[in-house]
Amino acid sequence: MWLRRLVLTSLLLFASTLLSSCWDQYELRDLSVVTGLGIDIMSDDTVRLTLQVINPSELAAQEEGTGRSGAQNYETFAPSIQEAFRKLTQTAPRRGYYSHLASVVIGEEAAKKGLNNYLDHFYRDHEIRTDFPIIIARGYDAKEILSITPPIEDITSIHIMDSIIYSENSYSLVTETTLDDLFEMIVASGIDPSLNGITIIGDEEVGQSLENVEEALPKAFLEIGNSAFFKEDKLIGWLSEDETKGYQYLTNAVQDTSETLPCPHGQDNYFTVETTSIDTSITVTSNGSLPNVVIKPYVQGTISEINCDQLDVLSPSTHKFVIETFEQRIEDLVGETIAKAQEEHSDYTGIGREVYRQEPHIWHNIKNHWYETFESLNITVDAKVEVKESGDVNNTFNIEDYKHD
Amino acid sequence: MALLLKRRFQPTQFKSFLSSSMNVNIKTILSIIGKSDDVIVRHFSLGANTEVNASILYLDGLVDTPNINFMLSQAMLFPDDEQHSWSKVTTFFEKSGDVVVHKTLDETIEALLKGLTLVFIDKYVSVLSVDMVQTNDRQVDIPSSENIIRGPKQAFVENIFINMSLIRRRIKDQHLRFEPFTFGERTQTKVFVTYITDVIDPAVLTELKTRLNRIDTDAIHTGADLEELIQDAYLTPFPTVYATERPDVVTNHLLDGRIVLIVDGVPFPLVVPAPFVQFIHSAEDYTQRSDIGSLVRLLRFACVFIALLTPSLYVAVTTFHQELIPFNLMVSLAAQSEGTPFPTLAEVLIMEVIFEIIREASIRMPLPAGQALSIVGALVIGTAIVEAGIISSSVVIVVALTAISSFVFPTYAIGIPLRICRFIVLIFASQLGLLGIFLFLMLLLLHLCNLKSFGVPYLEGLSPFIQKEQSDSLIRLPKWLQNYRPRFVPKNRSIRQNTPKPSKRL
């Protein structure tokens with residue numbers, strides 16, 4: 001009896017070892033930790049992967065570096081992503097490890113061919129997490145982006161990830177779009193993806209060497225900004241800065257940004273409002289066979305900078321002026337973004353998805369010719385702004401007030 | 001085969017009765033116990049004139065010699081005008097100590113070996129034994145292995161009667177019982193089964209006595225001897241009998257309805273039943289306020305897991321689940337492991353074994369050598385092994401953390417199973433990663449759930465979770481909330497107090 005029980009127990013325990021998925025044992029020092037990945041397409045349709053592999057002993061705080069770069073880029077060419085991954089071992093001495101991917105940069109040309117060609121493996125493979133941000137190289141190859149030596153961080157790919165995370169929290173041009181988000185946008189009906197773009201400002205030749213960081217003013221920077229928009233999975237164009245801002249107000253992906261607005265009385269100067277909360281609702285109502293779309297961005301903010309002479313924050317009329325100017329600004333930005341989407345036949349605004357969610361019957365009828373319907377759709381933008389505070393002071397100091405002393 | 005299994009000890013039985021001749025009796029006894037310098041025979045006569053010969057026989061060193069001298073000088077004053085009736089003689093010797101009359105030879109020898117003084121009177125067929133025992137015992141001292149900051153500073157000693165008095169001083173209750181047992185054919189070790197009759201569960205006492213009655217051995221000379229003979233399960237590293245050197249802890253347990261076994265010559269009485277949580281509890285928890293007592297106790301429970309799992313978690317995470325490590329930490333760990341020659345498992349095993357060696361050495365070695373050991377252990381091995389690039393410094397940190405956490409427990413006994421299990425789980429972790437660790441923890445949990453200590457589940461109160469037991473389990477509630485005794489005490493005896501919640505009236 002006890003023998004039978006023992007056999008059963010050990011069989012059960014043994015069976016549980018078969019249930020595990022990824023438990024291959026590798027020592028840390030046997031791994032090439034890949035933090036950055038660049039995907040480019042060559043003229044003969046092969047994929048060029050740029051893999052950024054960290055060099056731990058250069059990066060660790062307490063170790064004395066030998067002056068080598070904190071990360072090295074490896075290039076592999078193959079028709080498919082996984083093959084390119086595996087080919088890494090031809091040039092790098094260790095096993096590639098992809099769970100700590102910090103960012104994936106996709107070259108503009110590759111994005112134009114369609115993202116579906118590259119992303120399947122990332123989603124399918126058990127060794128790769130899907131929470132890294134994806135960014136499109138604007139005007140450059142991904143390889144060139146990943147080759148820039150960034151000023152503070154040692155590793156370009158970590159630099160990109162950190163830039164995305166921090167500017168997402170303080171400026172409305174950037175949102176972190178992970179692989180999961182991207183898949184959702186590609187697959188869901190009535191929405192097309194939009195991804196942040198990254199580009200090089202300055203001398204890219206110098207930017208690729210350590211020389212770039214030896215001076216106070218680096219010769220080349222990476223700049224994350226204007227978003228790329230897609231139709232299904234193919235890149236078709238870039239949003240301007242204003243359109244990107246409008247896109248962020250529309251999708252209410254950011255909360256904290258600042259908006260510079262013109263002074264009253266036509267004065268040639270500016271004041272700034274910092275937003276503390278952006279909450280945009282898209283309401284779709286039925287208007288016969290067509291949807292009627294009302295977009296209501298609701299923004300709260302505080303005045304954070306005044307360079308105007310006659311902006312008296314204590315007077316109700318000024319308060320009204322601030323609010324109206326800001327509302328007008330938001331409506332303009334969002335309107336511009338929607339106009340671009342209608343013009344380009346790419347619904348990165350996600351209005352189609354809202355129609356599908358709120359009026360599925362109408363969506364059912366128009367989904368096959370959505371882009372044509374969308375182009376002529378009547379969309380109302382009605383912003384509502386609340387500005388409650390003006391920072392630590394009321395009015396700005398005025399030089400004129402002190403002149404008579 | 002049957003012969004081999006037979007008891008190796010055959011007690012000699014002297015059922016023969018004593019002779020009426022004093023000298024013959026003394027000669028017989030001397031021939032039985034053998035000649036040695038501590039066997040003292042002294043002759044005297046009872047009374048001043050009459051020639052009633054008498055002798056005493058005792059073992060030097062076990063008796064109070066000045067008292068004997070005084071008794072012999074008093075023997076001169078024995079009234080000789082009267083007939084020497086047996087009762088008169090007994091009364092006379094009662095003045096010096098408790099007197100027992102022996103009729104057989106083996107009784108007499110047993111009394112002599114216990115340190116009693118034998119009195120032979122010529123022409124009488126009986127022998128008196130007078131209790132003038134004197135032992136050179138250690139004084140009650142401060143506890144050496146269970147120190148606390150606030151609380152009584154007394155510890156048990158080797159003498160069973162002193163230990164008994166330490167308990168009597170704390171519990172003045174007519175229901176307190178010290179039931180004497182004697183174990184070991186050759187050692188004749190005295191054991192007091194101590195309990196409070198109207199608090200304990202009689203079933204536990206019956207069970208304990210059944211187990212005690214099974215004992216058939218030649219010697220009991222440590223608490224562990226007795227523990228191993230009466231514990232529930234032997235195929236487990238976990239202790240199911242609790243040993244403490246603190247009288248206040250023993251008192252607490254007696255009042256909880258537990259039974260205490262005081263073994264003569266051992267300063268660590270045993271407490272049963274002993275569930276798992278009891279080993280994590282410290283006397284300090286009760287002498288400090290309940291809030292800090294609870295927090296510190298929770299910390300100690302956390303240390304159970306730290307002491308058990310840190311090395312294996314380190315191995316599992318760094319060799320199987322690198323994605324779980326935050327990026328910067330991983331970079332630092334990877335940089336440290338660059339150039340070290342051994343796999344992580346080997347590094348951890350080497351350091352763990354080195355630590356076990358240092359620990360063993362520091363217990364065994366003579367005190368003056370301590371300085372040398374700490375230099376060799378801490379400086380040479382700790383620092384140099386990292387600088388030489390043999391072991392990465394994070395492994396040293398992991399082993400050090402484990403070591404410190406394993407010294408947190410108030411009872412030394414509970415650290416031992418954790419030490420053993422730490423190595424087993426390390427092997428599991430190195431083969432299967434986190435899965436292996438959880439596999440091991442499941443096995444461990446099954447094992448612990450299966451254990452019992454004198455009928456009480458080892459994980460009493462925790463598995464299955466019982467609300468009522470929580471007043472003094474993982475945390476310690478204030479005294480006024482601890483109204484009930486542990487659950488193994490019968491329901492009609494479970495109320496401990498009815499003090500209401502403190503309230504102010506001033």
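From first to last, the protein sequence lines are chains A and B. The numbers in the UniProt record's numbering rise by one with no breaks, and the one at position 52 of the first sequence is 52. The numbers in the UniProt record's numbering rise by one with no breaks, and the one at position 374 of the second sequence is 374. Don't be surprised by glycine CBs; every beta carbon is placed ideally from N, CA and C. Predicted model, so just to flag it, every value in this text is computed and none were measured.
(request) Would you mind stating whether Leu57 of chain B and Phe120 of chain B have Cβ atoms separated by less than 8 Å? (result) Here residue 57 of chain B corresponds to residue number 57 of the second sequence, with the count starting at 1. Here residue 120 of chain B corresponds to residue number 120 of the second sequence, with the count starting at 1. Yes; because the gap between Cβ atoms is below 8 Å, this pair is in contact.
(request) Check the Cβ-Cβ distances between Val331 of chain B and every residue of chain A, and say whether any is below 8 Å. (result) Position 331 of the second sequence, counting from 1, holds the residue named residue 331 of chain B. It does: the Cβ of Val331 of chain B has a partner Cβ on chain A nearer than 8 Å.
(message) Please return the same chain residues whose Cβ sits closer than 7 Å to the Cβ of Ser21 of chain A, not counting the five positions on each side in sequence.
(response) Taking the first sequence and counting its residues from 1, one reaches residue 21 of chain A at position 21. Because the pLDDT at Ser21 of chain A is just 49, under 50, the model does not fix this residue reliably, and the value given afterwards should be weighed accordingly. If we look at Ser21 of chain A and ignore the five residues flanking it on each side, its Cβ neighbours are His126.
(request) Give the secondary structure of Pro316 of chain A by DSSP, where H, G and I count as helix, E and B as strand, and everything else as coil. (result) Numbered from 1 along the first sequence, position 316 holds the residue referred to as residue 316 of chain A. DSSP places Pro316 of chain A in helix when its eight states are reduced to three.
(request) Quick one: grab the DSSP three-state call for Val385 of chain A. (result) Locating residue 385 of chain A in the first sequence gives position 385, counting from the first residue. In this structure, Val385 of chain A counts as strand in the three-state DSSP scheme.
(message) If I follow the unbroken alpha helix (DSSP H) through Asn116 of chain A, where does it start and stop?
(response) Stepping through the first sequence from its first residue, residue 116 of chain A is reached at position 116. Residues 116–124.
(request) State yes or no: is the C-beta of Val313 of chain A within less than 8 Å of the C-beta of Ser390 of chain A? (result) Residue 313 of chain A sits at position 313 when you count from the first residue of the first sequence. Residue 390 of chain A sits at position 390 when you count from the first residue of the first sequence. By the CB criterion at 8 Å, Val313 of chain A and Ser390 of chain A fall inside the cutoff.
(message) Which runs of the alpha helix (DSSP H) at least 4 residues long sit entirely within the stretch 165–199 of chain B? Give them in chain order.
(response) DSSP runs (the alpha helix (DSSP H)) wholly in the stretch 165–199 of chain B: none.
(message) Just verifying my parser: in three-state terms, what is the DSSP assignment at His364 of chain A?
(response) Here residue 364 of chain A refers to the residue found at position 364 of the first sequence. Looking at His364 of chain A - three-state DSSP - the assignment turns out to be helix.
(request) Closer than 8 Å, Cβ to Cβ, to anything on chain A: give me those residues from the stretch 333–364 of chain B, in chain order. (result) Listed in sequence order: Leu333, Ala334, Ala335, Gln336, Ser337, Glu338, Gly339, Thr340, Pro343, Thr344.
(message) Taking the straight line between their C-alpha atoms, what separation do you get for Val393 of chain A and Glu305 of chain A?
(response) Against the first sequence, residue 393 of chain A aligns to sequence position 393. Against the first sequence, residue 305 of chain A aligns to sequence position 305. One C-alpha to the other measures close to 10 Å.
(request) Throw me the rounded Cβ distance for the Glu158 of chain B and Gly265 of chain B pair, which I believe falls under 8 Å. (result) As a first step, residue 158 of chain B must be located in the second sequence, where it is residue number 158. As a first step, residue 265 of chain B must be located in the second sequence, where it is residue number 265. Going by Cβ atoms, the distance from Glu158 of chain B to Gly265 of chain B rounds to 5 Å, so yes, they are a contact pair.
(request) Please compile the residues from chain A whose C-beta is within a distance smaller than 8 Å of the C-beta of Glu323 of chain B. (result) Working through the second sequence from its first residue, we reach residue 323 of chain B at position 323. Near Glu323 of chain B (Cβ distances below 8 Å), the residues of chain A are Ser99, His100, Arg129.
(message) Let me check understanding here. Comparing Cα to Cα, which of A:Ser315, A:Ile366, A:Pro218, A:Ser227 lies closest to Leu290 of chain A?
(response) In the first sequence, residue 290 of chain A corresponds to position 290, counting from 1. If we check each option's Cα against that of Leu290 of chain A, A:Ile366 comes out closest.
(request) Evaluate residue 452 of chain A with the Cβ neighbour count: other Cβ atoms within 10 Å of its Cβ, from every protein chain shown; 16 or more gives buried, anything less gives exposed. (result) Chain A is shown from 1 up to 405; residue 452 of chain A falls before or after that span and cannot be answered.
(request) Compare the C-beta of Phe301 of chain B with all C-beta atoms of chain A and state if any pair is closer than 8 Å. (result) Within the second sequence, residue 301 of chain B is the residue found at index 301, counting from 1. Phe301 of chain B does not count as touching chain A.
(message) Just to check my reading of the structure: Ile167 of chain B and Gly257 of chain B have Cβ atoms closer than 8 Å, yes? What is that Cβ distance to the nearest angstrom?
(response) The residue labelled residue 167 of chain B in the question sits at position 167 within the second sequence. The residue labelled residue 257 of chain B in the question sits at position 257 within the second sequence. About 15 Å separates the beta carbon of Ile167 of chain B from that of Gly257 of chain B, a gap too long to meet the 8 Å contact definition.
(message) Threshold first: 3 residues or longer. Then list the beta strand (DSSP E) segments lying entirely within the stretch 63–116 of chain B, N to C.
(response) List check, beta strand (DSSP E) in window: 99–102.
(message) For a cutoff of 8 Å on Cβ pairs, would you count Thr318 of chain B as touching chain A?
(response) What you label residue 318 of chain B is simply residue 318 of the second sequence in a count that begins at 1. Among the CB atoms of chain A, one or more fall inside 8 Å of the CB of Thr318 of chain B.
(request) Give the interface partners of Phe327 of chain B over in chain A, defined as CB-CB distance under 8 Å, in chain order. (result) Reading the second sequence from its first residue, position 327 is the one you call residue 327 of chain B. Within chain A, the residues Thr35, His100, Ala102, Ile158 have their CB atoms less than 8 Å from the CB of Phe327 of chain B, given in chain order.
(request) Give me the Cβ distance between Val193 of chain B and Leu261 of chain B, rounded to the nearest whole Å; I'm assuming they're in contact under 8 Å. (result) Mapped onto the second sequence, residue 193 of chain B falls at position 193. Mapped onto the second sequence, residue 261 of chain B falls at position 261. With a Cβ gap of about 6 Å, Val193 of chain B and Leu261 of chain B count as contacting.
(message) To the nearest angstrom, how far is the alpha carbon of Thr201 of chain A from that of Leu222 of chain A?
(response) Translated into positions along the first sequence, residue 201 of chain A becomes position 201. Translated into positions along the first sequence, residue 222 of chain A becomes position 222. In the sequence as displayed, the identity of residue 201 of chain A is Ile instead of Thr. Straight through space, the alpha carbons of Leu222 of chain A and Ile201 of chain A are spaced by roughly 6 Å.
(request) In the DSSP assignment, find the unbroken alpha helix (DSSP H) run with Asn53 of chain B in it and report its ends. (result) If you number the second sequence from 1, residue 53 of chain B lands on position 53. Taken as a continuous stretch (DSSP letters only), Asn53 of chain B belongs to no alpha helix (DSSP H), being part of the beta strand (DSSP E) at 52–59.
(message) Using beta carbons (cut-off 8 Å, strictly below), is Ala60 of chain A in contact with chain B?
(response) As a working note, residue 60 of chain A is residue 60 in the first sequence. True, the Cβ-Cβ gap to chain B drops below 8 Å.
(message) Rounding to the nearest angstrom, what Cα-Cα distance links Glu227 of chain B and Leu459 of chain B in this structure?
(response) The sequence position of residue 227 of chain B within the second sequence is 227, counting from 1. The sequence position of residue 459 of chain B within the second sequence is 459, counting from 1. Each residue's alpha carbon lies about 20 Å from the other.
(request) Express the C-alpha separation of Thr260 of chain A and Val385 of chain A in angstroms, rounding to a whole number. (result) Locating residue 385 of chain A in the first sequence gives position 385, counting from the first residue. Locating residue 260 of chain A in the first sequence gives position 260, counting from the first residue. The alpha-carbon of Val385 of chain A is positioned some 14 Å away from that of Thr260 of chain A.
(request) Classify Ser473 of chain B as helix, strand or coil using the three-state DSSP reduction. (result) Position 473 of the second sequence holds residue 473 of chain B. Note: Ser473 of chain B maps to coil in three-state DSSP.
(message) Against chain B, does Pro56 of chain A count as a neighbour if the rule is that its beta carbon must be under 8 Å from one of theirs?
(response) Within the first sequence, the letter at position 56 stands for residue 56 of chain A. Yes, Pro56 of chain A counts as interfacial toward chain B.
(message) Since Phe440 of chain B and Ile424 of chain B should fall inside the 8 Å C-beta cutoff, what is the C-beta to C-beta distance between them, to a whole number of angstroms?
(response) Taking the first residue of the second sequence as position 1, residue 440 of chain B is located at position 440. Taking the first residue of the second sequence as position 1, residue 424 of chain B is located at position 424. With 8 Å as the limit, Phe440 of chain B and Ile424 of chain B qualify as a contact, their Cβ atoms being about 7 Å apart.
(request) Hey, could you find the ends of the beta strand (DSSP E) Ser103 of chain A is sitting in? (result) One-based indexing of the first sequence puts residue 103 of chain A at position 103. Membership of Ser103 of chain A in the beta strand (DSSP E) is indicated by the continuous run 103–106.
(request) Taking Gln139 of chain B as the reference, give the member of B:Leu434, B:Glu469, B:Asn163 with the closest Cα. (result) The count along the second sequence starts at 1 and reaches residue 139 of chain B at position 139. Closest option to Gln139 of chain B, judged by alpha-carbon separation, among B:Leu434, B:Glu469, B:Asn163: B:Asn163.
(request) Please confirm whether Val294 of chain A and Thr283 of chain A have their CB atoms less than 8 Å apart. (result) Taking the first sequence and counting its residues from 1, one reaches residue 294 of chain A at position 294. Taking the first sequence and counting its residues from 1, one reaches residue 283 of chain A at position 283. In terms of Cβ geometry, Val294 of chain A and Thr283 of chain A form a close pair [threshold 8 Å].
(request) Using 10 angstroms around the beta-carbon of Trp363 of chain A, count the other beta-carbons present and answer buried if the total reaches 16, otherwise exposed. (result) Position 363 of the first sequence, counted from the first residue, corresponds to residue 363 of chain A. With 16 or more Cβ atoms within 10 Å of its Cβ, Trp363 of chain A is classed as buried.
(request) Can you say whether Phe17 of chain B is buried or exposed, counting buried as having 16 or more other CB atoms within 10 angstroms of its CB? (result) Indexing the second sequence from 1 puts residue 17 of chain B at position 17. So Phe17 of chain B ends up on the exposed side.
(request) Return the chain-ordered list of same chain residues with a C-beta closer than 7 Å to the C-beta of Glu153 of chain A, the five sequence neighbours on each side being excluded. (result) Taking the first residue of the first sequence as position 1, residue 153 of chain A is located at position 153. Leaving aside the five residues that flank Glu153 of chain A on each side, the residues in its chain whose CB is nearer than 7 Å to its CB run, in chain order, His159, Asp162.
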